[in-house]
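Visitor: In terms of the numbering used here, the sequence shown opens at residue 701 and continues consecutively.
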Amino acid sequence: MLIIENQEHFDKVREFAASVGADAELQKRLDFLAGFGGDPAKVRCRLYSDFAPHSFFWRIEYSSLEGW
701 MLIIENQEHF
711 DKVREFAASV
721 GADAELQKRL
731 DFLAGFGGDP
741 AKVRCRLYSD
751 FAPHSFFWRI
761 EYSSLEGW
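1. Would you kindly report the start and end of the unbroken alpha helix (DSSP H) that includes S719?
2. Compute the beta-carbon to beta-carbon distance between I760 and F736, rounded to the nearest angstrom, for a pair I have assumed lies under 8 Å.
3. Do the CB positions of R746 and E705 come within less than 9 Å of each other?
4. Along the beta strand (DSSP E) that carries L702, what are the first and last residues, could you check?
5. Are A741 and S764 touching if we call contact CB-CB under 9 Å?
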């Protein structure tokens, strides 16, 4: 599961990727992160804006008995 924490930044990164012909590669990487760990009920990835203008900071989270 992929959780986008900053939709505005995400949209700008997608626009930039499209402008340089890298939209397919970006989607490939996003799909990888979305499917990381297999079971979306147990593993999720959060995307945050990074210090770089066309980049993300991401964090993989695993569920436990206490929650996320």
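For glycine and all other residues, C-beta sits at the position ideal for the given N, C-alpha and C. Treat the numbers as computed from the prediction; the structure is a model and nothing was measured.
Guide: Here's the rundown:
1. Residues 707-719.
2. 6 Å
3. Their beta carbons are under 9 Å apart, which means R746 touches E705 by this criterion.
4. 702-704 is the extent of the beta strand (DSSP E) around L702.
5. Annotated as distal: A741 and S764, with beta-carbon spacing of 9 Å or more.
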